[in-house]
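Enquirer: Here's a structure for you.
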């Protein structure tokens with residue numbers, strides 16, 4: 001329950017954005033009872049202080065979101081619309097995602113027993129809220145869901161008061177290939193917020209997967225207006241990716257595909273489990289190129305029209321193919337030469353003549369053309385299955401590995417080595433069985449890291 005004087009000023013969301021958010025004065029926001037957003041402001045603008053420099057436990061300096069004075073509030077219609085508007089406002093102002101304003105969700109109850117009923121949820125939020133800020137030192141875990149990612153998930157989950165034991169670190173690591181430490185911290189933080197909004201007493205695997213979807217694809221926008229024709233095009237496009245990857249030997253098999261709009265542009269996205277390969281062959285890159293072109297090929301073969309939805313796919317294909325021709329020495333015409341790309345730039349350094357540049361451009365067009373012809377042939381052979389997956393997507397909006405198995409059957413290729421996909425499909429049963437043979441303490445069973453040092457008060 002709240003006590004004290006009501007000196008706070010009510011403002012509109014537009015005033016909040018223009019006068020507080022843009023000026024960098026917002027420290028954090030507390031949403032009470034899913035209806036009122038309380039704004040805690042800084043004594044000076046963010047760019048004039050070093051408040052958000054993460055300090056160690058010795059300094060005692062609070063991190064961003066742990067201070068500020070409650071001065072303003074505004075009403076919100078729903079949590080979803082508030083989060084969407086806040087994210088869009090911060091994107092429009094050019095605020096880095098790591099510097100987004102922390103948001104806490106609390107419930108102010110009258111009865112003591114009601115408070116006690118939700119105590120685990122509130123404890124869960126309190127322990128996780130600032131994890132993301134503490135772990136944003138740019139820690140990279142490398143690989144594709146390797147031991148480094150599993151270890152960081154173990155540390156992240158140790159800060160959660162209640163975690164379902166079925167939320168396996170290995171499965172989570174497999175779903176987050178290439179994630180840095182800060183990204184994994186954000187996943188744990190977001191999972192806790194989702195669990196709290198759903199009034200859950202534990203953070204389950206479902207909450208973690210929803211958090212990963214949000215981190216990868218952005219905020220879900222169910223109210224985004226899409227015509228039936230656009231929705232059908234997106235479904236067939238994503239179905240093309242799924243089927244192409246399923247029947248290409250070196251492509252990464254699909255785990256999940258959705259046509260629910262997310263973020264500012266994404267109308268759908270697919271999720272894969274890549275292997276921890278440090279080297280790639282020409283054949284592997286060819287199959288990856290074909291899988292990326294599967295969406296455009298499906299539009300052409302089954303709908304008879306192509307759309308702008310393949311723009312991002314074509315950009316990826318262009319980069320992959322230029323790298324093969326001009327960086328990795330895969331082209332006989334260019335030879336064993338390498339012209340690497342500049343850091344954070346699509347342009348390559350060009351210590352070669354215009355004639356060589358023309359040869360590179362010609363090779364890239366020829367290689368992409370061959371890959372597209374192969375992809376179209378593959379979609380033609382399996383167009384009935386592409387249509388089945390697309391119609392199922394239109395019906396369910398989200399498909400998982402089990403749905404693909406029912407329609408497409410088992411993949412026709414068997415690897416001589418166990419892949420991450422094989423481990424994921426079996427639920428890491430064998431590895432979990434080996435883990436069970438090692439005695440586990442009660443603290444480890446709760447998700448705490450056995451390597452985490454104990455904090456002893458001085």
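Numbering (full-length UniProt numbering), first residue to last: 1 to 458.
C-beta: ideal position from N, C-alpha, C; glycine also.
Predicted model only: the values in this text are computed from it and were never measured.
Please state whether the Cβ-Cβ distance between residue 252 and residue 272 is less than 7 Å.
Expert: Looking up residue 252 in the chain shown gives position 252. Looking up residue 272 in the chain shown gives position 272. Contact: yes.
Enquirer: Between the alpha carbons of residue 407 and residue 392, how many angstroms are there, rounded?
Expert: Start at 1 with the first residue of the chain shown, and residue 407 comes out as number 407. Start at 1 with the first residue of the chain shown, and residue 392 comes out as number 392. C-alpha separation (whole angstroms): 10 Å.
Enquirer: Can the beta-carbon of residue 404 be found less than 7 Å from the beta-carbon of residue 244?
Expert: Taking the first residue of the chain shown as position 1, residue 404 is located at position 404. Taking the first residue of the chain shown as position 1, residue 244 is located at position 244. No, the Cβ-Cβ distance between residue 404 and residue 244 is not below 7 Å.
Enquirer: Exposed or buried, which one is residue 81 when buried takes at least 16 other CB atoms within 10 Å?
Expert: Counting from one through the chain shown, the residue named residue 81 turns up at place 81. Under this definition residue 81 is an exposed residue.
Enquirer: Could you say which of 258, 15, 321 lies nearest to residue 465 if we only look at CA atoms?
Expert: Because residue 465 is not part of the residues shown, which for the chain are 1 to 458, the question remains open.
Enquirer: Would residue 290 count as contacting chain B if we go by Cβ distances under 7 Å?
Expert: The chain labelled as chain B is not found in the depicted structure, where only one protein chain is given.
Enquirer: Using three-state DSSP, classify residue 74 as helix, strand or coil.
Expert: Translated into the one-based positions of the chain shown, residue 74 becomes position 74. Three-state result, residue 74: strand.
Enquirer: Within 10 angstroms of its Cβ, does residue 241 collect 16 or more other Cβ (buried), or is it exposed?
Expert: In the chain shown, counting from the first residue as 1, residue 241 sits at position 241. Result: buried.
Enquirer: State the DSSP-derived secondary structure class of residue 14, mapped to helix, strand or coil.
Expert: Within the chain shown, residue 14 is the residue found at index 14, counting from 1. Note: residue 14 maps to helix in three-state DSSP.
Enquirer: Let me know if residue 44 comes out buried or exposed under the rule of 16 or more other beta-carbons within 10 Å of its beta-carbon.
Expert: The count along the chain shown starts at 1 and reaches residue 44 at position 44. Exposed, by the Cβ-count rule.
Enquirer: For residue 101, tell me which candidate among 23, 35, 107, 78 has the shortest Cα-Cα distance.
Expert: Translated into the one-based positions of the chain shown, residue 101 becomes position 101. It is 23.
Enquirer: For residue 376, which residues in the same chain have their Cβ closer than 8 Å to its Cβ, ignoring the five residues on either side in sequence?
Expert: Walking along the chain shown from the start, residue 376 turns up at place 376. Here the set comprises 297, 300, 301.
Enquirer: Quick test of your reading: residue 28 and residue 40, contact by CB under 8 Å. State the CB separation rounded to the nearest angstrom.
Expert: In the chain shown, the residue the question calls residue 28 occupies position 28. In the chain shown, the residue the question calls residue 40 occupies position 40. Residue 28 to residue 40, Cβ: 5 Å. Contact.
Enquirer: Who pairs with residue 414 in a beta bridge, going by DSSP?
Expert: Locating residue 414 in the chain shown gives position 414, where the first residue counts as 1. According to DSSP, residue 414 bridges with nothing at all.
Enquirer: Exposed or buried, which one is residue 385 when buried takes at least 16 other CB atoms within 10 Å?
Expert: In the chain shown, the residue the question calls residue 385 occupies position 385. Around the Cβ of residue 385, a 10 Å sphere holds 16 or more other Cβ atoms; the residue is buried.
Enquirer: Between the beta-carbon of residue 189 and the beta-carbon of residue 107, is there less than 7 Å?
Expert: Indexing the chain shown from 1 puts residue 189 at position 189. Indexing the chain shown from 1 puts residue 107 at position 107. No, Cβ-Cβ distance for residue 189 and residue 107 is not below 7 Å.
Enquirer: Where residue 195 and residue 359 are concerned, what is the direct C-alpha to C-alpha distance, given to the nearest angstrom?
Expert: Your numbering for residue 195 matches position 195 in the chain shown. Your numbering for residue 359 matches position 359 in the chain shown. Straight-line Cα distance between these residues: approximately 55 Å.
Enquirer: Taking the alpha helix (DSSP H) that residue 356 belongs to, which residues open and close that run?
Expert: If you number the chain shown from 1, residue 356 lands on position 356. That run of the alpha helix (DSSP H) goes 354-381.
Enquirer: Looking at residue 36: is its Cβ nearer than 7 Å to the Cβ of residue 73?
Expert: Along the chain shown, read from residue 1 onward, the residue named residue 36 stands at position 36. Along the chain shown, read from residue 1 onward, the residue named residue 73 stands at position 73. Contact flag set, yes.
Enquirer: If you measure between the beta carbons of residue 367 and residue 321, is that distance less than 7 Å?
Expert: Stepping through the chain shown from its first residue, residue 367 is reached at position 367. Stepping through the chain shown from its first residue, residue 321 is reached at position 321. The answer is yes: Cβ separation under 7 Å.
Enquirer: The beta strand (DSSP E) spanning residue 272 covers which residue range?
Expert: For the purposes of this step, residue 272 is identified with residue 272 of the chain shown, where counting begins at 1. 269-272 is the span of the beta strand (DSSP E), which, as asked, contains residue 272.
Enquirer: Could you tell me the alpha carbon to alpha carbon distance between residue 340 and residue 206, rounded to whole angstroms?
Expert: Taking the chain shown and counting its residues from 1, one reaches residue 340 at position 340. Taking the chain shown and counting its residues from 1, one reaches residue 206 at position 206. For residue 340 and residue 206, the distance between alpha carbons rounds to 42 Å.
Enquirer: Would you list the one or two residues that DSSP bridges to residue 37?
Expert: On the chain shown, position 37 is the one that residue 37 refers to. 31, 74, per the DSSP bridge assignment.
Enquirer: Is the distance from the Cβ of residue 363 to the Cβ of residue 331 below 7 Å?
Expert: As a first step, residue 363 must be located in the chain shown, where it is residue number 363. As a first step, residue 331 must be located in the chain shown, where it is residue number 331. Result yes, Cβ atoms of residue 363 and residue 331 sit closer than 7 Å.
Enquirer: Starting from residue 106, follow the alpha helix (DSSP H) in both directions and report where the run begins and ends.
Expert: On the chain shown, position 106 is the one that residue 106 refers to. Careful: residue 106 lies outside any alpha helix (DSSP H), inside the beta strand (DSSP E) at 103-106.
Enquirer: So residue 293 and residue 226 are supposed to be a Cβ contact under 8 Å. How far apart are they, rounded?
Expert: As a position in the chain shown, residue 293 is number 293, starting the count at 1. As a position in the chain shown, residue 226 is number 226, starting the count at 1. Between residue 226 and residue 293 the Cβ distance is about 24 Å, and since that is not below 8 Å, they are no contact.
Enquirer: If you measure from the CB of residue 373, is any heavy atom of the ligand COA nearer than 6 Å?
Expert: As far as ligands go, the structure on display features none, and thus does not contain the ligand COA.
Enquirer: Measure the CB-CB distance between residue 13 and residue 249 and report whether it falls below 7 Å.
Expert: The residue labelled residue 13 in the question sits at position 13 within the chain shown. The residue labelled residue 249 in the question sits at position 249 within the chain shown. For residue 13 and residue 249, no; Cβs fall outside 7 Å.
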